[in-house]
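These notes concern the structure reproduced below.
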Amino acid sequence: MMQKEFEKLVGHPVDNDCYKRIEAVYMYPLFDDLFPSKEAVADYYKKHDMQGFENLYKVALKARALETKAENLERELASQESDFKEKYQQLERAYEKETAANKRLSWTIENLKEIIHKAVDMM
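Heads up: the sequence shown at position 26 corresponds to 198 in this note's numbering, and the numbers run straight through without jumps.
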């Protein structure tokens, strides 16, 4: 809605800065149910004046800050999850290498035991 259209609905001019805040509030998704139409925005203004919109504006700012914080935390978590997966895969590969080395060592020890037993039997 344009400022002139809003002013016509409320019946008087509204300061430009005030209208910007009014617009920010009614365009914010959190308030979709409160403002389903242009008339609902005007009716709210008529009932609560600019102070009502100032209060909602503060709520919108806090909600936006929380959304931003949540998005940042989600990105950080995703990054940590990626780091964790990479470290887990590195550990898995190291474990597989160590397991393979242990198998080779066990095989070598068994062969040495067999060789020693044969050598002892030959004496």
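Built from N, CA and C at the ideal position, the CB exists for glycine as well.
C-alpha of Val186 to C-alpha of Ala235: approximately 26 Å in a straight line. A residue is called buried when at least 16 other Cβ atoms come within 10 angstroms of its Cβ; Ile288 does not meet this threshold and is exposed. In this structure, Gln175 sits away from Tyr198, with a CB-CB distance that is not shorter than 8 Å. One thing to note: Ala232 has its Cβ no nearer than 8 Å to the Cβ of Phe178.
Taken atom to atom, the span from the alpha-carbon of Lys269 to that of Ile281 is near 18 Å.
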